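A.B. asks: Please see the structure below; I have some questions.
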Amino acid sequence: MTFHLHIKGRVQGVGFRPYVYKLAVKKNIPGYISNDVDGVHMIFSQPGQKEADEFVKEIIHNAPAKSIIQNWYLEKVNEQNFQEFSIRIHERNVQPDLLISPDFAMCPQCKSEFHDTGDRRYQYPFITCTLCGPRYSIMTDLPYERHLTSMENFIQCPECKQEYKDVNDRRYFSQTNSCSICGIRLSWHTKNNTEVLYNNDAILSQLLKSLHDGKIIAVKGIGGFLLLCDAASKPAIEILRERKHRPKKPFAVLFPRIELIQQYTYLNKITDEVLQNETSPIVLLRAKEVCFEKLCMDEIAPGLTSIGVMMPYAPLLEWIMSSWKKPVVATSGNVSGSCIVFQSERKEELFQSADFILDHNRDIVIPQDDSVVRVGEKNDQQIIIRRARGMAPAIIPSSLKNTETIFAAGAMLKSAFALQHNNQVYLSQYLGNLESYDTQQNYLHTFNYFLHLLKAQPQVILADLHTDYPSTKIAEEYSVKWNIPIKKIQHHEAHFAAILGEYDLFKSEEKILGVIWDGTGLGSDGNIWGGEFFLYEKGKITRLHYLEPFINTAGDKMAREPRLSALAISQNTSGASEILKSKFLEQEWKYYHKAINSEKITNTSAGRYFDGVASLLNLIDINTYEGEAALLLEQSANYYLMKNKFAIDVHYFDEVIDKPVISMKRVISNLISDINSGKNKDEIAAKFHLTLIAIIKRVAQQYNVKNIACSGGVFQNPVLIDLVYLQLEKVFKFYFHRQMSPNDECIPFGQLMYYQNIKL
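The numbering used here numbers the first residue of the sequence shown as 14 and each following residue consecutively.
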């Protein structure tokens, strides 16, 4: 009897066909397996249905670790005769329906071979196998086959070809397979190309000398160019900041090995695993004293006691770091505010920041920054700060209610977009701040890449209510271009829908409280929202409560100047002027007071409350990067909580919640009294965090809700999440994002989920 097995999910670029091939050969089962645009297909012969079922059960239960099987179908088909089992290249011009594999970090096997002097790939900077290497960033089309990637032009040498065809080899059907004879070539470039090197030994020698001399090198990584310099060289880091126009935003640091990270930071079992898994992101960790002694922490992360660390996820980085042996600053190859440079032909732009460029001749098809995650001190909740390399573009969606092809345009500052197509959801990598024209072009480049890759033509477009968002304008332009409807969804309801959709909570019979706290988003009443409580019940989202509104002073400038938030949230509060007046020039003081009295737009933003409290505590008055004030306030609170082993439960909130607005006047008044009485800043910062926990608890109790779903950029704060678990987990069940960031990167997914489940 002949059977057809169709498996859908992440089954390409993960060694699935070689795995099935080996199993079939071992069991003497004839037939073939092939990649197609909707997964993998297998035609095989077995004596009967029972034998076929047993074979399929073994395939599914022991599938490769990096695969994700969404569903599978087995059916009997017309009889076919096979002499043996084989892998076939099979292409059809139909629309794709599969999860796209992300780029995988170098696996332990390849790392071992890389350092083995007896291995033919010893020190080869592009070593890969079926378990690791680039996938998403090099695809030019689907299905995932070598000739449909930027590996197409690299013709395998006889030895590589033999590995590719050898069923017992780890590189059997490895689409990125190559070696130093037939593979990717490095090149070293100086300004004006006065000297170009192609010999790896000569390049490495120059690179190490340049790092030692305090120079900045642009290195072509997996998703784009990285800028590297010695993490112990103050002049080099200062020059890098000047060239990138990045005065204080922290830099990530690339360490050569995990043991050194253990020496320099407080690493635990969870963060250790995250650093070394197949995503290998940047992980934010608390720095030890040795970190301040041996690295230039004041220049790497000014004012902070945490550091973003990462491992050499690509063999090229392993090649560099295993010889340099010390930490280096590693940051995106761009000017601050622009997207990462990924094209080799843009060397002139790279030389604005770099002294030298280490390039190679494998094209990057789609650019990506490094992913960034955090983990709390008291729980294992992984918080995704930036979802990019190693994580994008696959999302495992909740059940979808329609089969339309839908484009969800997302928001602005943490931009991303989503496409629903053929019952799959694809969420793009983090694309940056759309205020930048360069980022807008990258957004469009990535969007058109998705349309090409998926052979998709959207039928519906979803966008944010805010008409000035570039993403909304792009959505409106495509709506006209394609003559298809556009639906606009309120920002915070999209946040709520994102967390509901991630956990498939739309089917819940129980009420769910949504705590949606972020910086800003346009509310349906025309004001600025950001401190919202919603209730989901029986297919309906209702706005229950919100933090007390304050005047939205000076528009977007408020997000950049915490002193303005401090002024707004403490308006008419006794003792505030003594703290705030010195933060303004006399003319400014008069102007902003007049503006507060004349402005009509209000703001409920939890993010701006964080900013305002940070300024009141004199931690910061003007941000040099987004989220700086909140980060400093979080750090201050963590000092106190760690010192007291989190064993405190004091706060400023003692109000009855009997109307939609949650009064914050007494909270701010008591906080200011503590400041003026000379109370410890760290204690006040901790009490403010605990105040927010008390408010969540009070609202949940009032509505007798046991399930609480949280989204929005404020929940990137691990101290807040630690307190949620420590104070409330015994009574309530909490849902936090795990597949995506709680910041605005999740908005396009939320727009899709809202459209699927809530009536517009």
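Quick reminder that beta carbons are idealized off the backbone N, C-alpha and C, glycines included.
Since the structure is predicted, the reported quantities are computational estimates derived from the model, not experimental observations.
What are the boundary residues of the beta strand (DSSP E) that includes asparagine 48?
C.D. replies: Numbered from 1 along the sequence shown, position 35 holds the residue referred to as residue 48. From DSSP, the beta strand (DSSP E) with asparagine 48 extends over 44–49.
A.B. asks: On a CA-only basis, which of His606, Ile592, Gly26, Pro575 is nearest threonine 637? Give me that one, please.
C.D. replies: The count along the sequence shown starts at 1 and reaches residue 637 at position 624. Comparing Cα positions, the closest option is Pro575.
A.B. asks: Please work out which residues of its chain come closer than 6 angstroms, Cβ to Cβ, to phenylalanine 623, disregarding the five sequence neighbours upstream and downstream, and give them in chain order.
C.D. replies: The residue you call residue 623 lines up with position 610 of the sequence shown. Answer for phenylalanine 623: Ala643, Leu646, listed in chain order.
A.B. asks: Please state the DSSP three-state secondary structure of isoleucine 140.
C.D. replies: If you number the sequence shown from 1, residue 140 lands on position 127. Isoleucine 140 falls in the coil class under three-state DSSP.
A.B. asks: Less than 6 angstroms between C-beta atoms, sequence neighbours within five positions excluded: which residues of the same chain meet that for lysine 261?
C.D. replies: Within the sequence shown, residue 261 is the residue found at index 248, counting from 1. Only Pro315, Thr637 meet the Cβ criterion.
A.B. asks: Mind checking who valine 322 pairs with in its DSSP beta bridge?
C.D. replies: Residue numbering aside, residue 322 sits at position 309 when the sequence shown is read from its first letter. Residue pairing by DSSP places valine 322 opposite Val266, Val296 in a beta bridge.
A.B. asks: Return the CA-CA distance between glycine 445 and asparagine 770, expressed in angstroms with no decimal places.
C.D. replies: If you number the sequence shown from 1, residue 445 lands on position 432. If you number the sequence shown from 1, residue 770 lands on position 757. Rounded to the nearest angstrom, the two C-alpha atoms are 28 angstroms apart.
A.B. asks: Could you check what DSSP says for asparagine 616 in three-state terms: helix, strand or coil?
C.D. replies: Sequence index remark: in the sequence shown, residue 616 carries index 603 (1-based). Three-state result, asparagine 616: strand.
A.B. asks: Just to confirm, are alanine 429 and aspartate 757 a CB contact at a threshold of 9 angstroms?
C.D. replies: Translated into positions along the sequence shown, residue 429 becomes position 416. Translated into positions along the sequence shown, residue 757 becomes position 744. Contact flag set, yes.
A.B. asks: Which runs of the beta strand (DSSP E), 3 residues or longer, sit entirely within the region 370–397?
C.D. replies: You should have 385–388.
A.B. asks: Rounded to whole angstroms, what is the Cα-Cα separation between leucine 457 and aspartate 667?
C.D. replies: For the purposes of this step, residue 457 is taken as the residue at position 444 of the sequence shown. For the purposes of this step, residue 667 is taken as the residue at position 654 of the sequence shown. Distance between the alpha carbons of leucine 457 and aspartate 667: 49 angstroms.
A.B. asks: Whole-angstrom Cβ separation of serine 492 and alanine 424, contact assumed at under 8 angstroms?
C.D. replies: Taking the first residue of the sequence shown as 1, we reach residue 492 at position 479. Taking the first residue of the sequence shown as 1, we reach residue 424 at position 411. So it is not a contact: roughly 17 angstroms between Cβ atoms.
A.B. asks: So for leucine 684, helix, strand or coil by DSSP?
C.D. replies: Within the sequence shown, numbered from 1, the residue matching residue 684 stands at position 671. Leucine 684 falls in the helix class under three-state DSSP.
A.B. asks: Between the region 275–283 and the region 296–313, are three or more C-beta pairs nearer than 8 angstroms?
C.D. replies: yes
A.B. asks: Quick check on isoleucine 497 - is its C-beta less than 9 angstroms from some C-beta in chain B?
C.D. replies: Given the protein chain composition of this structure (a single chain), no chain B is represented.
A.B. asks: So, at 8 angstroms on beta carbons, what are the nonlocal neighbours of lysine 391 in its own chain, with the 5 sequence-adjacent residues on each side left out?
C.D. replies: Within the sequence shown, residue 391 is the residue found at index 378, counting from 1. Around lysine 391: Phe659, Asp735, Tyr738, Leu739.
A.B. asks: Under 9 angstroms, do serine 80 and glycine 22 count as touching if we go by C-beta distance?
C.D. replies: Position 67 of the sequence shown, counted from the first residue, corresponds to residue 80. Position 9 of the sequence shown, counted from the first residue, corresponds to residue 22. In terms of Cβ geometry, serine 80 and glycine 22 form a close pair [threshold 9 angstroms].
A.B. asks: What are the start and end residues of the alpha helix (DSSP H) that includes serine 223?
C.D. replies: On the sequence shown, residue 223 is found 210 positions in, with the first residue counted as 1. Its alpha helix (DSSP H) spans residues 213–225.
A.B. asks: Runs of 4 residues minimum, wholly inside the region 641–704: which ones carry the alpha helix (DSSP H) assignment?
C.D. replies: 641–656, 678–689
A.B. asks: To which residues of the same chain is glycine 61 closer than 7 angstroms at the C-beta, ignoring the five residues directly before and after it?
C.D. replies: On the sequence shown, position 48 is the one that residue 61 refers to. So the qualifying residues of the chain are Met14.
A.B. asks: Are isoleucine 795 and aspartate 477 touching if we call contact CB-CB under 9 angstroms?
C.D. replies: In this structure the chain extends from 14 to 773, so residue 795 is not present and cannot be described.
A.B. asks: Among the candidates Leu144, Asn190, Met766, Tyr185, whose CA atom is the shortest distance from the CA of lysine 520?
C.D. replies: Counted from its first residue, the sequence shown places residue 520 at position 507. The option with the nearest alpha carbon to lysine 520 is Met766.
A.B. asks: According to DSSP, simplified to helix, strand and coil, what is valine 348?
C.D. replies: Taking the first residue of the sequence shown as 1, we reach residue 348 at position 335. Three-state DSSP puts valine 348 in coil, outside helix and strand.
A.B. asks: So, with DSSP's three-state summary, where would you put methionine 164?
C.D. replies: What you label residue 164 is simply residue 151 of the sequence shown in a count that begins at 1. The answer is coil: DSSP assigns methionine 164 none of H, G, I, E or B.
A.B. asks: Can you tell me the Cα-Cα spacing of methionine 119 and glutamate 291, whole angstroms?
C.D. replies: For the purposes of this step, residue 119 is taken as the residue at position 106 of the sequence shown. For the purposes of this step, residue 291 is taken as the residue at position 278 of the sequence shown. Per the coordinates, the alpha-carbon of methionine 119 lies some 7 angstroms from the alpha-carbon of glutamate 291.
A.B. asks: For serine 80, does the three-state DSSP call read helix, strand or coil?
C.D. replies: Here the question's residue 80 lines up with position 67 in the sequence shown. Here serine 80 sits in coil by DSSP.
A.B. asks: Within a Cβ cutoff of 6 angstroms, which residues of the same chain sit near cysteine 242, ignoring the five residues on either side of it in sequence?
C.D. replies: Counting from one through the sequence shown, the residue named residue 242 turns up at place 229. Excluding sequence neighbours, cysteine 242 sits near Ile229, Ala249, Leu253, Val342.
A.B. asks: Since alanine 650 contacts alanine 608 with CB under 8 angstroms, what's their CB separation in whole angstroms?
C.D. replies: Taking the first residue of the sequence shown as position 1, residue 650 is located at position 637. Taking the first residue of the sequence shown as position 1, residue 608 is located at position 595. Not confirmed; about 30 angstroms, so no contact.
A.B. asks: Looking at C-beta atoms only, is the number of pairs between the region 153–165 and the region 372–392 that lie closer than 8 angstroms three or more?
C.D. replies: yes
A.B. asks: CA-CA distance, asparagine 717 and tyrosine 549?
C.D. replies: Indexing the sequence shown from 1 puts residue 717 at position 704. Indexing the sequence shown from 1 puts residue 549 at position 536. Looking at the two C-alpha atoms, the distance is approximately 13 angstroms.
A.B. asks: For cysteine 170, collect the residues of the same chain with a Cβ closer than 6 angstroms to its Cβ; drop the 5 residues on either side in sequence, then sort them by chain order.
C.D. replies: For this step, residue 170 is matched to residue 157 along the sequence shown. Ile194, Cys195.
A.B. asks: Short of 6 angstroms in beta carbon distance, which residues of its chain neighbour glutamine 442, apart from the five on each side in sequence? Order them along the chain.
C.D. replies: Residue numbering aside, residue 442 sits at position 429 when the sequence shown is read from its first letter. Within the same chain, glutamine 442 has close Cβ partners Gln381, Ala401, Ala405.
A.B. asks: For a quick check, are the C-beta atoms of leucine 36 and alanine 231 less than 9 angstroms apart?
C.D. replies: Position 23 of the sequence shown, counted from the start, is the residue given in the question as residue 36. Position 218 of the sequence shown, counted from the start, is the residue given in the question as residue 231. Contact flag unset, no.
A.B. asks: CA-CA distance, arginine 621 and asparagine 540?
C.D. replies: As a working note, residue 621 is residue 608 in the sequence shown. As a working note, residue 540 is residue 527 in the sequence shown. Each residue's Cα considered, the two are about 14 angstroms apart.
A.B. asks: Less than 9 angstroms between the C-beta atoms of isoleucine 397 and arginine 148, yes or no?
C.D. replies: By 1-based counting over the sequence shown, the position of residue 397 is 384. By 1-based counting over the sequence shown, the position of residue 148 is 135. Going by C-beta atoms, isoleucine 397 is not nearer than 9 angstroms to arginine 148.
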